[in-house]
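Worksheet: the structure to be examined is printed underneath.
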């Protein structure tokens with residue numbers, strides 16, 4: 550994959566074997582985000598919204614039954630603690646994001662899709678593990694510059710970005 554220069558806050562990835570678009574105004578990506586879309590759609594969810602984003606996620610589910618294909622990397626599981634950790638999941642990418650909680654037995658549990666450039670307050674617990682996937686392609690995304698997010702009382706935000714991009 551080759552990374553090309555893009556406007557601030559937008560990351561463009563081109564697959565090998567495909568020619569990148571010619572430079573110029575026709576090649577510039579068009580990303581229109583209505584004013585205050587983040588505030589109007591902070592609760593997320595799948596389906597249509599007034600911002601014209603269409604996110605197709607898998608909703609809540611179990612691996613193999615609408616969950617995350619491929620499962621969770623070996624042996625990971627959330628700790629069963631009762632120490633609350635309120636975290637804001639910020640989708641700072643132009644993609645629809647599927648938050649995935651790794652349960653106490655190591656199974657992935659999908660949560661409602663986060664639309665692009667929105668956030669959601671999550672009531673999690675210390676030691677809970679979260680992964681984030683592109684809802685359309687199931688590609689892994691980064692959270693706070695890492696592949697895995699571990700909830701902790703002293704961590705209040707989780708910034709979700711595309712690999713190779715900084716928030």
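In the working numbering, the protein residues as written are 550 to 716. All residues carry an ideal CB built from backbone N, CA and C; glycine is no exception.
Practice problem: Report the rounded CA-to-CA distance for residue 635 versus residue 669, giving the unit in angstroms. | Solution: Translated into the one-based positions of the chain shown, residue 635 becomes position 86. Translated into the one-based positions of the chain shown, residue 669 becomes position 120. Those two C-alpha atoms are separated by around 10 Å.
Exercise. Would you identify the three-state DSSP class for residue 677, choosing helix, strand or coil?
Key: Numbered from 1 along the chain shown, position 128 holds the residue referred to as residue 677. Collapsing the DSSP output to three states places residue 677 in coil.
Quiz prompt | DSSP beta-bridge partners of residue 647 | solution = Along the chain shown, one-based indexing puts residue 647 at 98. BP columns for residue 647 point to 682.
Self-check item: DSSP state of residue 662 mapped onto helix, strand, coil
Solution: As a first step, residue 662 is located in the chain shown; it is residue number 113 there, counting from the start. Reduced to three states, the DSSP call for residue 662 is coil.
Quiz prompt | N- and C-terminal bounds of the beta strand (DSSP E) containing residue 696 | solution = Taking the first residue of the chain shown as position 1, residue 696 is located at position 147. DSSP places residue 696 in no beta strand (DSSP E); its state is neither H nor E.
Exercise. May I ask which residues mark the beginning and end of the beta strand (DSSP E) holding residue 708?
Key: As a position in the chain shown, residue 708 is number 159, starting the count at 1. Bounds of the beta strand (DSSP E) holding residue 708 are 706-710.
Practice problem: Leaving aside the five residues before and after residue 631 along the sequence, list all residues of the same chain whose C-beta is less than 8 Å from its C-beta, in chain order. | Solution: Here residue 631 refers to the residue found at position 82 when the chain shown is read from its first residue. These residues qualify, in order along the chain: 674.
Quiz prompt | For residue 653, the three-state DSSP class (helix, strand or coil) | solution = Taking the chain shown and counting its residues from 1, one reaches residue 653 at position 104. DSSP places residue 653 in coil when its eight states are reduced to three.
Self-check item: Segment limits, beta strand (DSSP E) that includes residue 687
Solution: Counting from 1 along the chain shown, the entry for residue 687 is found at position 138. Careful: residue 687 lies outside any beta strand (DSSP E) and carries neither H nor E.
Practice problem: May I ask you to verify whether the region 676-695 touches the region 646-653, counting CB pairs closer than 8 Å and requiring at least 3? | Solution: Because the criterion of three Cβ pairs below 8 Å is met, the region 676-695 and the region 646-653 touch.
Practice problem: Could you please give the first and the last residue of the uninterrupted beta strand (DSSP E) stretch that includes residue 633? | Solution: Position 84 of the chain shown, counted from the start, is the residue given in the question as residue 633. Note, residue 633: beta strand (DSSP E), 633-640.
Quiz prompt | Cutoff 6 Å; reference residue 712; Cβ partners in own chain excluding five residues on either side | solution = Taking the first residue of the chain shown as 1, we reach residue 712 at position 163. Non-local C-beta neighbours of residue 712 in its own chain, meaning closer than 6 Å and more than five positions away in sequence, comprise 691, ordered along the chain.
Self-check item: Cβ shell of residue 696 (< 8 Å), same chain only, five flanking positions each side left out
Solution: By 1-based counting over the chain shown, the position of residue 696 is 147. Excluding positions up to five away in sequence, the list reads 680 and 689.
Exercise. Apply the 10 Å Cβ neighbour rule to residue 640 and answer buried if 16 or more other Cβ atoms are within range, or exposed otherwise.
Key: Here residue 640 refers to the residue found at position 91 when the chain shown is read from its first residue. Counting Cβ neighbours within 10 Å, residue 640 comes out buried, since at least 16 surround it.
Exercise. Counting only the same chain and skipping the five closest in sequence on each side, list residues whose C-beta sits under 6 Å from that of residue 637.
Key: As a first step, residue 637 must be located in the chain shown, where it is residue number 88. Answer for residue 637: 668, 670 and 706, listed in chain order.
Quiz item: Rounded to whole angstroms, how far is the Cβ of residue 657 from the Cβ of residue 643, which I believe are closer than 8 Å?
Solution: For this step, residue 657 is matched to residue 108 along the chain shown. For this step, residue 643 is matched to residue 94 along the chain shown. Rounded, the Cβ-Cβ distance is 24 Å, inconsistent with contact.
Practice problem: Let me know the secondary structure DSSP gives residue 669 once reduced to three states. | Solution: Start at 1 with the first residue of the chain shown, and residue 669 comes out as number 120. If DSSP states are grouped into helix, strand and coil, residue 669 belongs with the strands.
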